[in-house]
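Enquirer: Input: one structure, supplied below.
Protein chains: 2
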Amino acid sequence: MPSLVAVLQQIPIFAELEQRVVAQLAARCVPRTVGEGFTLFRAGERCAGLYVVLEGRVRVYRSSPDGREQTVAVEGAGRPVAELPLFDGGPYPASAVTMTPSQLVFLPRGEFEHAFRADPDVAAAVVRSLGGRLRHLVQLLETVAFRDVAARLAMLLADYADQTGAAQGDGVAFELDRTQEELAAEIGTARESVSRALKQLTTRGLIRNRAGNRFLVAPSEQLRAWARTGGM
Amino acid sequence: MPSLVAVLQQIPIFAELEQRVVAQLAARCVPRTVGEGFTLFRAGERCAGLYVVLEGRVRVYRSSPDGREQTVAVEGAGRPVAELPLFDGGPYPASAVTMTPSQLVFLPRGEFEHAFRADPDVAAAVVRSLGGRLRHLVQLLETVAFRDVAARLAMLLADYADQTGAAQGDGVAFELDRTQEELAAEIGTARESVSRALKQLTTRGLIRNRAGNRFLVAPSEQLRAWARTGGM
DNA sequence: CCCGTGCCGTGACGCTTGTCACAGAGCGGT
DNA sequence: ACCGCTCTGTGACAAGCGTCACGGCACGGG
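If you're matching them up, the sequences are chains W and G in order.
Under numbering that gives the first Met the number 0, the final residue of the first sequence carries the number 231; numbering is consecutive throughout.
Under numbering that gives the first Met the number 0, the final residue of the second sequence carries the number 231; numbering is consecutive throughout.
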């Protein structure tokens, strides 16, 4: 395993810091290795510090009293989790749980705040990170408010194709390592609706092929275009 | 009209700056007075600078191709609009239009960025502001994803009661200067559904009295509690 | 005074989607 | 090989809500 300093320097938020400062932060970090389904924190709890994902996948979500869940973000290696409440001192706005066995580091709040105030580059990086979340949320809100389930799913597949897909013929191939239950939470619907929407997208030719987790889909622009026009 | 410097110093984002710095910013501000229904910018345009509302009300929204709208925020006096895209250089994620005749100041991007990097207090204020938006959005997303129209409306009324309400008996009285159309856009539904939801809340006793814009509603905690449990 | 315009209430209808119920498939453990 | 578990597909049904259509009301201007 490489030194913690080297690892932190790979991470966008810390990338622009001087090595000396990173080393100081690294000294205060608490590494954690946890299994699948481990809850990092729950919505409403007071915020103790920042998590950064080194390996694995963390799901950030809101849950309703009757058990349904809406996923707000899924964070992978190198991404910070819950950088928001560090500053205004408020509670976590959402809950977080690991989707896979994961390695994380935990950085206590005081340490991070110090770095934030000491270095404008850190501040800028934090603002960019928050900005990205905000953009993503506005986007998500729009699709949940306006589009039907099939369109939302098409959007999700388009994102996935862009992130992890490989061109194959005139389409994109990728592996979708999520259950339908998890997909449903991401687009704010029920598991059964995802199943039906997948069938619908397949008959429309937007999903060309599907075997287990292997997907072959139409180009992402085509998926998005279809979703934007409400389908047809 | 008071000097622009004095006005800017009232505004949270600039409140902590030294007077000299504020004066410098004020010199670069462009004041604008616009009527109702004036579009400040549209989603997707490149961001030129920051708006701050001095007087009036600005609605920030996303619109769907088929004409429906989801408002993301309503900003009043002293609030910044679109501070997000200033930093990552991306386009506006939403559109903005005035709901009333308004006075604004416009601060070109370069100026603001300079202040941001020069003063960690400004950076902290920006992060707090973004944080507030993010919290609000997560909240909004949850209600749109989980709750029915009546519950969303109850939430909205609770917010309104907290912001501008006056206790009256065991309830809260306030004036709601919005059309049902605007309410519908805020909670992501259709005008007619708002009308029906208002009736429903009235028969349930959560709205005690309603005459034109004057509302008398149950205490905000009661409204929120009812909304959270899905009603009944 | 009458008409146009904007806002609000309400009925009818159909589509989407959440829910319940159940069957089959894959898979790992014993 | 058998069981139990999770994941998936599918049918039936009801509720919520968006849409259309229409009528009433207030208000302001000619």
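Just so it is clear, CB atoms sit at the ideal spot from N, CA and C, and this is done for glycine as well.
Here's a check: name, in chain order, each residue in its chain whose Cβ is nearer than 7 Å to the Cβ of Met-231(W), leaving out the five neighbours to either side.
Expert: Along the first sequence, one-based indexing puts residue 231(W) at 232. Residue confidence for Met-231(W) is low, a pLDDT of 47 falling below 50, so the modelled location carries little weight; the figure read from the coordinates is stated next. No residues qualify anywhere along the chain.
Enquirer: So what's Arg-132(G) in DSSP terms, helix, strand or just coil?
Expert: In the second sequence, residue 132(G) corresponds to position 133, counting from 1. Helix at Arg-132(G).
Enquirer: Quick check on Ala-14(G): does DSSP put it in helix, strand or coil?
Expert: As a position in the second sequence, residue 14(G) is number 15, starting the count at 1. Looking at Ala-14(G) - three-state DSSP - the assignment turns out to be helix.
Enquirer: Could you please give me the residues that DSSP links to Ala-72(G) through a beta bridge?
Expert: Stepping through the second sequence from its first residue, residue 72(G) is reached at position 73. Partner(s): Val-59(G).
Enquirer: Which parts of the segment 136-219 of chain G are runs of the beta strand (DSSP E), unbroken and 3 residues or longer, counting only runs that do not cross its ends?
Expert: Runs found: 165-167, 170-174, 206-210 and 213-216.
Enquirer: Taking the beta carbon of Val-71(G) as the centre, do at least 16 other beta carbons fall within 10 Å, making it buried, or is it exposed?
Expert: Indexing the second sequence from 1 puts residue 71(G) at position 72. Answer is buried; the Cβ neighbour count reaches 16.
Enquirer: Beta-carbon of Met-231(W) versus every beta-carbon of chain G: anything under 9 Å?
Expert: Stepping through the first sequence from its first residue, residue 231(W) is reached at position 232. Residue placement at Met-231(W) is poorly supported in this model, since its pLDDT is 47, which falls under 50; the coordinates still yield a value, given next. Not closer than 9 Å to any Cβ of chain G, the Cβ of Met-231(W) fails to qualify, so no.
Enquirer: Select from the segment 180-210 of chain G all residues with a C-beta closer than 8 Å to any C-beta belonging to chain W, and list them in chain order.
Expert: Correct list: Gly-187.
Enquirer: Whether or not the segment 72-83 of chain G and the segment 49-59 of chain G are in contact is what I'm after, with contact meaning three or more pairs of Cβ atoms, one per stretch, closer than 8 Å; do they touch?
Expert: Segments in contact, yes.
Enquirer: Can you tell me where the alpha helix (DSSP H) holding Leu-85(G) begins and where it ends?
Expert: The residue given as residue 85(G) occupies position 86 in the second sequence. Run containing Leu-85(G): 84-87, per the alpha helix (DSSP H) assignment.
Enquirer: If the criterion is Cβ atoms closer than 9 Å, does the pair Leu-24(G) and Ala-114(G) meet it?
Expert: Stepping through the second sequence from its first residue, residue 24(G) is reached at position 25. Stepping through the second sequence from its first residue, residue 114(G) is reached at position 115. Cβ atoms of Leu-24(G) and Ala-114(G): closer than 9 Å.
Enquirer: Do you know how far the Cα of Leu-129(W) is from the Cα of Arg-132(G)?
Expert: For the purposes of this step, residue 132(G) is taken as the residue at position 133 of the second sequence. For the purposes of this step, residue 129(W) is taken as the residue at position 130 of the first sequence. Spanning the two alpha carbons is a distance of roughly 10 Å.
Enquirer: Do Ser-219(W) and Phe-145(G) count as a contact pair if the criterion is CB distance below 9 Å?
Expert: Stepping through the second sequence from its first residue, residue 145(G) is reached at position 146. Stepping through the first sequence from its first residue, residue 219(W) is reached at position 220. Cβ distance not < 9 Å, so Phe-145(G) and Ser-219(W) don't count as in contact.
Enquirer: If you measure beta-carbon to beta-carbon, which residues of the segment 77-103 of chain G are closer than 8 Å to chain W?
Expert: Residues Leu-83, Pro-84, Phe-86, Asp-87, Gly-89, Pro-92 and Ala-93.
Enquirer: So, with DSSP's three-state summary, where would you put Gly-109(G)?
Expert: For the purposes of this step, residue 109(G) is taken as the residue at position 110 of the second sequence. Correct three-state label for Gly-109(G): helix.
Enquirer: At which residues does the beta strand (DSSP E) containing Ala-42(G) begin and terminate?
Expert: As a working note, residue 42(G) is residue 43 in the second sequence. No beta strand (DSSP E) holds Ala-42(G); DSSP gives it neither H nor E.
Enquirer: By Cβ distance, which residues of its chain are closer than 8 Å to Glu-174(W), with the 5 residues on each side in sequence left out?
Expert: In the first sequence, residue 174(W) corresponds to position 175, counting from 1. So the list reads Thr-163, Asn-212, Arg-213 and Phe-214, once near-sequence residues are dropped.
Enquirer: For the 8 Å Cβ check, are there 3 or more pairs between the segment 120-129 of chain W and the segment 108-127 of chain G?
Expert: Segments in contact, yes.
Enquirer: Given a threshold of 16 other Cβ atoms within 10 Å of its Cβ, counted over all protein chains shown, does Ala-184(W) qualify as buried or as exposed?
Expert: Here residue 184(W) refers to the residue found at position 185 of the first sequence. Ala-184(W) comes out buried.
Enquirer: Taking the straight line between their C-alpha atoms, what separation do you get for Arg-195(W) and Val-33(G)?
Expert: Indexing the first sequence from 1 puts residue 195(W) at position 196. Indexing the second sequence from 1 puts residue 33(G) at position 34. Going by the C-alpha atoms only, they are around 49 Å apart.
Enquirer: Does DSSP put Arg-78(G) in a helix, a strand or coil?
Expert: As a position in the second sequence, residue 78(G) is number 79, starting the count at 1. Here Arg-78(G) sits in coil by DSSP.
Enquirer: Tell me which residue opens and which closes the beta strand (DSSP E) that Ala-5(G) is part of.
Expert: Looking up residue 5(G) in the second sequence gives position 6. From DSSP, Ala-5(G) is part of no beta strand (DSSP E) but of the alpha helix (DSSP H) over 3-9.
Enquirer: Quick check on Phe-13(G) - is its C-beta less than 9 Å from some C-beta in chain W?
Expert: Here residue 13(G) refers to the residue found at position 14 when the second sequence is read from its first residue. Answer no: the Cβ-Cβ gap between Phe-13(G) and chain W never drops below 9 Å.
Enquirer: Please name the residue in Leu-200(W), Leu-3(W), Ile-12(W) and Pro-107(W) whose C-alpha comes closest to that of Ala-47(W).
Expert: The residue you call residue 47(W) lines up with position 48 of the first sequence. Residue Pro-107(W) is the option with its Cα nearest to Ala-47(W).
Enquirer: Measure the C-alpha to C-alpha separation of Leu-222(W) and Arg-207(W) and round it to an integer number of angstroms.
Expert: Position 223 of the first sequence, counting from 1, holds the residue named residue 222(W). Position 208 of the first sequence, counting from 1, holds the residue named residue 207(W). Their Cα atoms are separated by approximately 12 Å.
Enquirer: Which residues in chain W have a C-beta closer than 9 Å to the C-beta of Gln-23(G)? List them in chain order.
Expert: The residue you call residue 23(G) lines up with position 24 of the second sequence. In chain order: nothing, as chain W lies at least about 18 Å away.
Enquirer: Indicate whether at least one CB of chain G lies closer than 9 Å to the CB of Arg-19(W).
Expert: Along the first sequence, one-based indexing puts residue 19(W) at 20. No, no contact with chain G.
Enquirer: Given this structure, state the Cα-to-Cα distance separating Val-20(W) from Ala-14(W), to the nearest angstrom.
Expert: To locate residue 20(W), count along the first sequence from 1; it is residue 21. To locate residue 14(W), count along the first sequence from 1; it is residue 15. Approximately 11 Å between the Cα atoms of the pair.
Enquirer: Output, in chain order, the set of chain G residues within a Cβ distance shorter than 8 Å of Ser-2(W).
Expert: Position 3 of the first sequence, counted from the first residue, corresponds to residue 2(W). The contacting residues do not exist; Ser-2(W) stays about 29 Å from chain G at best.
Enquirer: State the Cα-Cα distance for the pair Pro-119(W) and Ala-122(G), rounded to the nearest angstrom.
Expert: Residue 119(W) sits at position 120 when you count from the first residue of the first sequence. Residue 122(G) sits at position 123 when you count from the first residue of the second sequence. Pro-119(W) and Ala-122(G): Cα-Cα distance of roughly 8 Å.
Enquirer: Does Phe-40(W) have its Cβ less than 9 Å from a Cβ in chain G?
Expert: In the first sequence, residue 40(W) corresponds to position 41, counting from 1. Phe-40(W) does not count as touching chain G.
Enquirer: Show which residues of chain G have a CB atom less than 7 Å away from the CB atom of Phe-111(W).
Expert: Here the question's residue 111(W) lines up with position 112 in the first sequence. In chain order: nothing, as chain G lies at least about 12 Å away.
Enquirer: Could you give the first and the last residue of the continuous beta strand (DSSP E) run that contains Glu-54(G)?
Expert: Numbered from 1 along the second sequence, position 55 holds the residue referred to as residue 54(G). Looking at the DSSP string, the run of the beta strand (DSSP E) that includes Glu-54(G) is 48-54.
Enquirer: Kindly list the residues whose CB is nearer than 7 Å to the CB of Arg-227(W), restricted to its own chain and excluding five residues on each side of it in sequence; keep chain order.
Expert: Counting from 1 along the first sequence, the entry for residue 227(W) is found at position 228. Correct list: empty, nothing qualifies.
Enquirer: Determine the DSSP secondary structure at Pro-30(W), reduced to helix, strand or coil.
Expert: Locating residue 30(W) in the first sequence gives position 31, counting from the first residue. Three-state DSSP puts Pro-30(W) in a strand.
Enquirer: Does any residue of chain W have a CB that is nearer than 9 Å to the CB of Val-73(G)?
Expert: One-based indexing of the second sequence puts residue 73(G) at position 74. Cβ-Cβ to chain W under 9 Å: no for Val-73(G).
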